[in-house]
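Trainee: Under UniProt numbering, the first residue of the sequence shown carries the number 1, and numbering increases by one thereafter. Right, I'll just put the structure down here and ask away after.
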Amino acid sequence: MTAELVHAALTAPSFQNVRRRVFRQLVESLVYEGALKTRQDGDEHFVDGADAAGAGVCYSFRAVRRFGFDRVGLTSVVRRGDVEAESVALFLAEVRDSLDADAEHLTGFARELAETLFKDALSEHVRTERRTALSTADYDTLESAITDGHRYHPTYKSRLGFDAADNIAFGPEFANPVRPLWLAAHRRITEISASASVDDQYVAGQLGPAAVEFHRRIAELGHDPGDYVLVPVHPWQWRERIARAFSDQLGQGELIPLGTDPDDFGAQQSIRTLACWDDPQRPYLKLSMSIVNTSTSRGLAAHTVRNAARITDWLRQVVAGDDYLRDELRPVLLGEDLGVAVTPESGLLQADTYGALACIWRESLHRHLEPGERAVPFTGLTACHVDGTPLIDPWVRELGVEEWVRRLVRVSVLPLVHLLCRHGIALESHAQNMVLVHENGTPTRVVLKDFHDGVRFSRAHLAEPQRCPELAGTPAHHQNRNSFVETGELGLVTDFLLDAFFFINLGELAIFLADRCDLDERRFWRLVRDEIRAYQQRFGELADRFALFDVFTPTIEVEKLTTRRLLPDTELRLHTVPNPLAEVDRC
Numbered sequence: 001m002t003a004e005l006v007h008a009a010l011t012a013p014s015f016q017n018v019r020r021r022v023f024r025q026l027v028e029s030l031v032y033e034g035a036l037k038t039r040q041d042g043d044e045h046f047v048d049g050a051d052a053a054g055a056g057v058c059y060s061f062r063a064v065r066r067f068g069f070d071r072v073g074l075t076s077v078v079r080r081g082d083v084e085a086e087s088v089a090l091f092l093a094e095v096r097d098s099l100d101a102d103a104e105h106l107t108g109f110a111r112e113l114a115e116t117l118f119k120d121a122l123s124e125h126v127r128t129e130r131r132t133a134l135s136t137a138d139y140d141t142l143e144s145a146i147t148d149g150h151r152y153h154p155t156y157k158s159r160l161g162f163d164a165a166d167n168i169a170f171g172p173e174f175a176n177p178v179r180p181l182w183l184a185a186h187r188r189i190t191e192i193s194a195s196a197s198v199d200d201q202y203v204a205g206q207l208g209p210a211a212v213e214f215h216r217r218i219a220e221l222g223h224d225p226g227d228y229v230l231v232p233v234h235p236w237q238w239r240e241r242i243a244r245a246f247s248d249q250l251g252q253g254e255l256i257p258l259g260t261d262p263d264d265f266g267a268q269q270s271i272r273t274l275a276c277w278d279d280p281q282r283p284y285l286k287l288s289m290s291i292v293n294t295s296t297s298r299g300l301a302a303h304t305v306r307n308a309a310r311i312t313d314w315l316r317q318v319v320a321g322d323d324y325l326r327d328e329l330r331p332v333l334l335g336e337d338l339g340v341a342v343t344p345e346s347g348l349l350q351a352d353t354y355g356a357l358a359c360i361w362r363e364s365l366h367r368h369l370e371p372g373e374r375a376v377p378f379t380g381l382t383a384c385h386v387d388g389t390p391l392i393d394p395w396v397r398e399l400g401v402e403e404w405v406r407r408l409v410r411v412s413v414l415p416l417v418h419l420l421c422r423h424g425i426a427l428e429s430h431a432q433n434m435v436l437v438h439e440n441g442t443p444t445r446v447v448l449k450d451f452h453d454g455v456r457f458s459r460a461h462l463a464e465p466q467r468c469p470e471l472a473g474t475p476a477h478h479q480n481r482n483s484f485v486e487t488g489e490l491g492l493v494t495d496f497l498l499d500a501f502f503f504i505n506l507g508e509l510a511i512f513l514a515d516r517c518d519l520d521e522r523r524f525w526r527l528v529r530d531e532i533r534a535y536q537q538r539f540g541e542l543a544d545r546f547a548l549f550d551v552f553t554p555t556i557e558v559e560k561l562t563t564r565r566l567l568p569d570t571e572l573r574l575h576t577v578p579n580p581l582a583e584v585d586r587c
């Protein structure tokens with residue numbers, strides 16, 4: 001079946017669309033980040049290169065600058081000479097002298113692009129064949145049926161570590177059931193983070209009779225069940241990493257395989273987070289997976305697992321103590337109520353085990369939906385049916401596109417701006433971390449998630465620093481210039497929200513609405529500006545805080561997501577781009 005599906009996908013008409021998309025996002029991001037030198041004649045760009053024999057070649061394409069953040073948008077296919085370019089790898093090889101890249105990283109990046117092309121070709125073929133009706137699908141179905149991935153990053157579906165069979169078995173778009181394997185981990189090699197809302201029966205209550213069987217299994221092997229913690233592992237992770245990397249712990253009885261979960265789960269868009277199909281009220285399981293997707297490793301670092309419940313309880317207190325958030329906007333925070341990380345003293349093998357075996361239990365969205373409410377991932381706002389019709393088309397037609405945008409901004413932008421300006425807390429609210437709650441397409445409130453490593457603040461600038469918990473710091477062996485929670489640089493707090501939410505999330509929606517719903521980008525950003533300014537007028541007492549966390553700053557620093565894959569990880573790679581909110585605010 002795998003071979004037949006692969007052949008069908010690679011020969012289907014949809015393959016050309018995928019190849020063009022990978023090419024488009026690659027070239028757009030390279031030009032935007034200044035990593036590709038081009039000669040320009042109006043909208044026409046030319047890139048000089050050389051083939052394997054040293055003969056000159058020239059690639060060309062047309063591109064324009066979008067209003068939002070001065071983004072680059074291709075308006076033609078990429079051509080090699082007089083014909084359409086068909087090989088991304090050949091393009092990179094032939095124009096390497098025009099790229100800001102080193103040879104080692106360029107080779108690895110080319111592989112990520114090839115994997116993305118292959119896996120998205122499979123995805124698009126299946127999507128075309130299944131023709132899922134997005135407009136009538138429930139939230140869990142949308143999590144698997146919306147297959148677009150990152151709309152800026154060119155390696156949006158690389159999934160390094162998955163072969164074709166793994167991709168079909170565990171990729172969300174294939175909607176195959178997954179049953180986690182449960183292990184017993186001795187308490188001396190585990191770290192646990194539990195919310196104040198969690199009791200001792202939290203995990204056992206989810207497993208039901210299986211928990212009794214698991215404890216019986218531990219006792220049969222001569223161990224005290226009270227000395228162990230139950231932790232789930234993704235079946236791929238068990239096969240590819242845990243059985244080997246934790247062989248000492250398995251041999252010594254510090255880790256004990258117990259059996260599979262009694263329920264079927266399905267992968268959400270992030271791949272490593274599983275939702276229970278048989279009991280949607282069960283918490284989502286965010287599991288360590290040693291794959292690389294969108295250029296990021298999908299392990300769960302132990303220090304972030306330790307922080308999960310602490311940050312959850314803190315954010316809940318912040319919202320509960322804020323009348324505007326609690327009673328009017330009513331955002332839903334999907335709490336990360338329990339975290340378990342297995343952290344053996346592994347010496348030289350630490351790189352193989354750190355972050356490899358961990359789980360964060362996240363509240364189910366279904367526990368928060370009220371009668372008449374439905375939910376759609378924010379990625380769904382830019383999704384289309386197979387025939388090209390936007391999922392949101394009937395919604396914007398019913399309300400009018402401008403009124404729909406106003407309501408969307410009120411329920412989704414204002415909670416994040418208020419958390420930033422009133423409280424000093426920025427959330428990494430890219431599209432996978434947000435869910436829109438609506439009633440027949442009318443936006444009513446927003447769901448926020450992924451807090452354990454998706455917040456940023458300066459403790460000195462928090463409105464209530466005494467409420468902020470002490471958080472585990474990043475260990476020396478796991479330092480990451482692109483991932484941190486606390487900072488002394490206030491600009492990095494504001495830019496965290498402006499980059500993830502405004503640049504990537506709203507920026508893509510603005511482009512989509514301009515191209516699909518005839519809403520001019522400049523008009524979109526004026527609508528966003530108007531709602532934020534009205535909010536600021538209402539809360540005039542926060543004027544000093546609005547100046548401190550200035551979302552109307554003329555420029556913002558955004559991460560060079562593609563460039564960082566082409567060069568060594570020696571610095572935080574950012575570039576300065578114009579802020580569309582500031583541009584429309586001057587008019």
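Even for Gly, the Cβ is constructed at its ideal location relative to N, Cα and C.
1) Taking just the CA atoms, how far does residue 545 sit from residue 120?
2) For residue 439, write down the residues that DSSP places opposite it in a beta bridge.
3) Under DSSP, the beta strand (DSSP E) around residue 286 begins and ends at which residues?
4) Look at the Cβ atom of residue 116, then the Cβ atom of residue 22, and state whether they are nearer than 7 Å.
5) Below 8 Å on the Cβ atoms is my contact criterion, and I expect residue 528 with residue 409 to pass it. Report the Cβ-Cβ distance as a whole number of Å.
6) For my contact list, residue 178 and residue 262 are in at a C-beta cut-off of 8 Å; report their separation, rounded to the angstrom.
7) Would residue 455 be called buried (16 or more neighbouring beta carbons within 10 Å of its own) or exposed?
8) Assess, as a yes-or-no matter, whether the stretch 489–501 is touched by the stretch 338–358 under the definition of 3 or more beta carbon pairs within less than 8 Å.
9) Taking just the CA atoms, how far does residue 150 sit from residue 325?
10) Starting from residue 182, follow the beta strand (DSSP E) in both directions and report where the run begins and ends.
11) With DSSP as the reference, identify every bridge partner of residue 84, one or two as the case may be.
12) Would residue 447 pass as a contact of residue 332 if the rule is Cβ separation under 7 Å?
13) Please report the Cβ distance between residue 532 and residue 401, rounded to the nearest whole angstrom; I am assuming they are in contact, meaning their Cβ atoms lie under 8 Å.
14) Given a threshold of 16 other Cβ atoms within 10 Å of its Cβ, counted over all protein chains shown, does residue 268 qualify as buried or as exposed?
15) Specify, as a first and last residue, the run of the alpha helix (DSSP H) that residue 52 falls within.
16) Quick check: what's the CA-CA separation for residue 175 versus residue 328?
17) Have a look at residue 43 and residue 110 and give me their C-alpha separation to the nearest angstrom.
18) Under 7 Å, do residue 509 and residue 381 count as touching if we go by C-beta distance?
19) To the nearest angstrom, report how far apart residue 69 and residue 507 are at their CA atoms.
20) Can you give the beta carbon distance from residue 192 to residue 254, rounded, assuming they're within the 8 Å contact cut?
21) With H, G and I counted as helix, E and B as strand and the rest as coil, what does DSSP make of residue 378?
22) Could you give the distance in angstroms between the alpha-carbon of residue 467 and the alpha-carbon of residue 214?
23) Leaving out the 5 sequence neighbours to the left and right, which residues in its chain are closer than 6 Å to residue 181 when beta-carbon positions are compared?
24) Taking the continuous alpha helix (DSSP H) assigned at residue 507, which residues delimit it?
25) Just tell me which of 585, 243, 554, 304 has its CA closest to the CA of residue 522.
26) Can the beta-carbon of residue 165 be found less than 7 Å from the beta-carbon of residue 2?
27) Taking C-alpha atoms, which residue in 384, 558, 440 lies nearest to residue 577?
28) Does the pairing of the stretch 368–379 with the stretch 294–306 give three or more beta-carbon distances under 8 Å?
29) Which of the three DSSP states, helix, strand or coil, is assigned to residue 141?
30) Per DSSP, which residues does residue 175 bridge with? Please list them.
31) Does the beta-carbon of residue 337 have 16 or more other beta-carbons within 10 angstroms, so that it is buried, or is it exposed?
32) Report back the beta-carbon spacing between residue 283 and residue 206 to the nearest angstrom; my notes put them in contact at under 8 Å.
33) Is residue 460 closer than 7 Å to residue 423 when the C-beta atoms are compared?
34) Count the other CB atoms, across all protein chains shown, that sit within 10 Å of the CB of residue 201; report buried if there are 16 or more and exposed otherwise.
35) Can you give me the Cβ contacts of residue 563 inside the same chain, cut-off strictly under 6 Å, excluding the 5 residues immediately before and after it?
36) Note down the Cα distance separating residue 225 from residue 219, rounded to an integer number of angstroms.
Mentor: Per the coordinate set shown:
1) For the purposes of this step, residue 120 is taken as the residue at position 120 of the sequence shown. For the purposes of this step, residue 545 is taken as the residue at position 545 of the sequence shown. Answer to the nearest angstrom: the Cα atoms are 44 Å apart.
2) Counted from its first residue, the sequence shown places residue 439 at position 439. According to DSSP, residue 439 bridges with 442.
3) Within the sequence shown, the letter at position 286 stands for residue 286. Its beta strand (DSSP E) spans residues 284–287.
4) To locate residue 116, count along the sequence shown from 1; it is residue 116. To locate residue 22, count along the sequence shown from 1; it is residue 22. In contact: residue 116 and residue 22 (Cβ atoms closer than 7 Å).
5) On the sequence shown, residue 528 is found 528 positions in, with the first residue counted as 1. On the sequence shown, residue 409 is found 409 positions in, with the first residue counted as 1. Between residue 409 and residue 528 the Cβ distance is about 5 Å, and since that is below 8 Å, they are a contact.
6) On the sequence shown, position 178 is the one that residue 178 refers to. On the sequence shown, position 262 is the one that residue 262 refers to. Between residue 262 and residue 178 the Cβ distance is about 13 Å, and since that is not below 8 Å, they are no contact.
7) Along the sequence shown, one-based indexing puts residue 455 at 455. So residue 455 ends up on the buried side.
8) no
9) Here the question's residue 325 lines up with position 325 in the sequence shown. Here the question's residue 150 lines up with position 150 in the sequence shown. Going by the C-alpha atoms only, they are around 29 Å apart.
10) Counting from 1 along the sequence shown, the entry for residue 182 is found at position 182. Unbroken beta strand (DSSP E) run through residue 182: 181–186.
11) Locating residue 84 in the sequence shown gives position 84, counting from the first residue. 79, per the DSSP bridge assignment.
12) Mapped onto the sequence shown, residue 447 falls at position 447. Mapped onto the sequence shown, residue 332 falls at position 332. Their beta carbons are under 7 Å apart, which means residue 447 touches residue 332 by this criterion.
13) Here residue 532 is taken as the residue at index 532 of the sequence shown, counted from 1. Here residue 401 is taken as the residue at index 401 of the sequence shown, counted from 1. Going by Cβ atoms, the distance from residue 532 to residue 401 rounds to 19 Å, so no, they are not a contact pair.
14) Here residue 268 corresponds to residue number 268 of the sequence shown, with the count starting at 1. Buried is the call here.
15) Stepping through the sequence shown from its first residue, residue 52 is reached at position 52. That residue, residue 52, is in no alpha helix (DSSP H); it is neither H nor E in DSSP.
16) Stepping through the sequence shown from its first residue, residue 175 is reached at position 175. Stepping through the sequence shown from its first residue, residue 328 is reached at position 328. Cα to Cα, residue 175 sits roughly 37 Å from residue 328.
17) What you label residue 43 is simply residue 43 of the sequence shown in a count that begins at 1. What you label residue 110 is simply residue 110 of the sequence shown in a count that begins at 1. Cα to Cα, residue 43 sits roughly 27 Å from residue 110.
18) Your numbering for residue 509 matches position 509 in the sequence shown. Your numbering for residue 381 matches position 381 in the sequence shown. Result yes, Cβ atoms of residue 509 and residue 381 sit closer than 7 Å.
19) Looking up residue 69 in the sequence shown gives position 69. Looking up residue 507 in the sequence shown gives position 507. The straight-line gap from Cα to Cα measures roughly 8 Å.
20) Counting from 1 along the sequence shown, the entry for residue 192 is found at position 192. Counting from 1 along the sequence shown, the entry for residue 254 is found at position 254. The pair is not a contact, with the Cβ atoms about 15 Å apart (cut-off 8 Å).
21) Reading the sequence shown from its first residue, position 378 is the one you call residue 378. Looking at residue 378 - three-state DSSP - the assignment turns out to be helix.
22) Sequence index remark: in the sequence shown, residue 467 carries index 467 (1-based). Sequence index remark: in the sequence shown, residue 214 carries index 214 (1-based). C-alpha separation (whole angstroms): 39 Å.
23) Here residue 181 refers to the residue found at position 181 when the sequence shown is read from its first residue. The answer, listed in chain order, is 233, 235, 238, 260.
24) Reading the sequence shown from its first residue, position 507 is the one you call residue 507. First-last of the alpha helix (DSSP H) with residue 507: 507–517.
25) Your numbering for residue 522 matches position 522 in the sequence shown. Residue 585 is the option with its Cα nearest to residue 522.
26) Residue 165 sits at position 165 when you count from the first residue of the sequence shown. Residue 2 sits at position 2 when you count from the first residue of the sequence shown. Yes, these two residues count as a Cβ contact at 7 Å.
27) Position 577 of the sequence shown holds residue 577. Selected option, being the one with the closest Cα: 558.
28) no
29) Walking along the sequence shown from the start, residue 141 turns up at place 141. Of the three classes helix, strand and coil, the one that applies to residue 141 here is helix, per DSSP.
30) Start at 1 with the first residue of the sequence shown, and residue 175 comes out as number 175. According to DSSP, which records beta bridges pairwise, residue 175 is partnered with nothing at all.
31) Counting from 1 along the sequence shown, the entry for residue 337 is found at position 337. So residue 337 counts as buried.
32) Walking along the sequence shown from the start, residue 283 turns up at place 283. Walking along the sequence shown from the start, residue 206 turns up at place 206. With a Cβ gap of about 7 Å, residue 283 and residue 206 count as contacting.
33) For the purposes of this step, residue 423 is taken as residue 423 along the sequence shown, with counting starting at 1. For the purposes of this step, residue 460 is taken as residue 460 along the sequence shown, with counting starting at 1. Not a contact, by the Cβ cut-off of 7 Å.
34) Position 201 of the sequence shown, counted from the first residue, corresponds to residue 201. Exposed, by the Cβ-count rule.
35) Along the sequence shown, one-based indexing puts residue 563 at 563. Counting only Cβ-Cβ distances below 6 Å, and skipping sequence neighbours, we find 33, 35, 573.
36) Counting from one through the sequence shown, the residue named residue 225 turns up at place 225. Counting from one through the sequence shown, the residue named residue 219 turns up at place 219. Near 6 Å, if we compare the C-alpha coordinates of residue 219 and residue 225.
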